[in-house]
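Enquirer: One structure, as structure tokens, below. Some questions next.
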Amino acid sequence: MRVGLLTGGGDVPGLNAAIRAVVKQGEGEYGHSIIGFRNGWRGVVDGDVFPLGRQHIRNVLTQGGTLLGTARFHPHSSDGGIDGVLATLEAERIEALICIGGDGTLHAASKVAEAGVRIVAIPKTIDNDVWGTDRSIGFDTAVGIATEALDRVHTTAESHNRVMIVEVMGRHAGWIAVTSAIASGAELVLTPEEPFDIEKVVKFLKHRHRAHASFSIVVVAEGAVPLQGSAMSYEAPVGKFGEIVAGAISERIKVEIEERTGFDTRVTVLGHVQRGGIPTHTDRILGSRFGTAAIDAISRGETGVMTALRGEDVVLVPLEEIAGKVKQVPAELLQVARALA
Ligand code: F6P
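Each residue of the sequence shown is one higher than the one before, starting from -16 at the first, in this note's numbering.
Below you can see the structure in the form of structure tokens.
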């Protein structure tokens, strides 16, 4: 069978582990030909393909990024995009497609599956907000990077008696923010799940600095928003490509804290550092398991499903169940972060 493979959306560490598993298991166990598409759905529409063989997957397990390249391009939201996908798949005689991506790529996958293409998807995003799976590839590495950064910020915050605001990724959900805050013992965490009241933030910091500390670390998810009707009004700026403007919310919070407390405050934006570098063993294993499960599923004739981690098990969930949903941080985890502040 000729099986197409693509990675779409933001890159994450652990993608190469999944690609490697698809190629090894696909060729070795089933004798399939794996066809790589460059730069996500863009490459499918443009017919940018190459036969993906064992020579491409040597020594990639430990490498971040994606050897296939990626792009934020969604065929269902561009004119003639789905037709372009179908034309390329026919021209290349692709019988099934494995798509590795986050919400946008998976939404596109469900649209292409509806058009009659056999598709199995694999979830990846450092934000860990894909519905239906306990974990997505990349999250574990990103939390490790954020935690290490927070540990480092801790010593400089303490030395200078400062409030340090550390912004992490998480557009719709605060998974990285909450877990790295708990792991590093940060004082406050602001997430999209719980819009914040700047007056409460300030009250907390004043109380802490009066009572027993001269520094604080505030972790801010990039998608954090102020509570409607609260003392801080804010309209999130949007970049040219629809992206969140890194640091915007944190700089705004810094101004509010400085004006209301007089505390010397600094902002550190971790940004794409969280998506780079060597994947943790957890992400390599998850990528390997999802890649293997995806090619197994394709070979059994499954379609319109996504590999997912549920507890210890890798299972398949229907793509239509996850489309349009965001997996937010559960109340219990938010409560732990609050309780230990
Ligand atoms: O979707 C994952 C994510 O890491 C978001 O948290 C962040 O807003 C976005 O990617 C940034 O993506 P880009 O690479 O397009 O700047």
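Every residue gets a Cβ at the ideal spot worked out from N, C-alpha and C, and that includes glycine.
May I ask you to list the residues that DSSP assigns as paired with Gly(-13)?
Expert: According to DSSP, which records beta bridges pairwise, Gly(-13) is partnered with Ile18 and Leu80.
Enquirer: Please confirm whether any heavy atom of ligand 1 lies closer than 6 angstroms to the CB of Gly(-7).
Expert: The answer is yes for Gly(-7).
Enquirer: Less than 7 angstroms between C-beta atoms, sequence neighbours within five positions excluded: which residues of the same chain meet that for Arg76?
Expert: The answer, listed in chain order, is Arg(-15).
Enquirer: I'd like to check one pair, Val103 with Ala280: are the Cβ atoms closer than 7 angstroms?
Expert: Taking 7 angstroms as the Cβ cut-off, Ala280 and Val103 qualify as a contacting pair.
Enquirer: From the DSSP secondary-structure annotation, give me the bridge partner or partners of Ser216.
Expert: DSSP lists no partner for Ser216.
Enquirer: Could you work out which residue in Pro301, Gly168, Ile305 and Glu150 is closest to Arg101 when comparing CA atoms only?
Expert: The shortest C-alpha separation from Arg101 is found at Pro301.
Enquirer: Kindly give me the distance between the Cβ atoms of Pro(-4) and Gly260, rounded to whole angstroms, as I take these residues to be in contact under 8 angstroms.
Expert: Right, their Cβ atoms sit about 6 angstroms apart.
Enquirer: Taking the alpha carbon of Gln46 as the reference point, which residue from Val203, Thr263 and Arg118 has its own alpha carbon closest?
Expert: Of the candidates Val203, Thr263 and Arg118, the one whose C-alpha sits nearest the C-alpha of Gln46 is Thr263.
Enquirer: At 4 residues or longer, and completely inside the stretch 150 to 182: list those alpha helix (DSSP H) runs for me, N to C.
Expert: Correct list: 158 to 167.
Enquirer: Please classify Ala324: does DSSP put it in a helix, a strand, or coil?
Expert: Correct three-state label for Ala324: coil.
Enquirer: Quick one: is His15 buried, meaning 16 or more other Cβ sit within 10 Å of its Cβ, or exposed?
Expert: With 16 or more other Cβ atoms within 10 Å, it is buried.
Enquirer: Work out the CA separation of Gly9 and Ala98 for me, nearest whole Å.
Expert: Cα to Cα, the separation comes out at about 24 angstroms.
Enquirer: Can Asp110 be considered in contact with ligand 1, in the sense that its beta carbon sits closer than 6 angstroms to one or more heavy atoms?
Expert: Answer for Asp110: yes, Cβ within range of ligand 1.
Enquirer: Suppose you measure from the CA of Val185 to the CA of Arg243; what does that come to, to the nearest Å?
Expert: Cα to Cα, Val185 sits roughly 7 angstroms from Arg243.
Enquirer: What residue does the beta strand (DSSP E) around Arg249 start on, and which one ends it?
Expert: Start and end: Thr248 to Val252.
Enquirer: In or out: Val151 buried (at least 16 other Cβ within 10 Å) or exposed?
Expert: With 16 or more other Cβ atoms within 10 Å, it is buried.
Enquirer: What do you reckon, is the C-beta of Arg154 under 6 angstroms from a heavy atom of ligand 1?
Expert: Because some heavy atom of ligand 1 lies under 6 angstroms away, the Cβ of Arg154 counts as near it: yes.
Enquirer: Out of Pro220, Gly225 and Arg191, which has the shortest C-alpha to C-alpha gap to Val232?
Expert: For clarity, residue 232 is Ile in the given sequence; the question names Val instead. Of the listed residues, the one whose Cα sits closest to Ile232 is Pro220.
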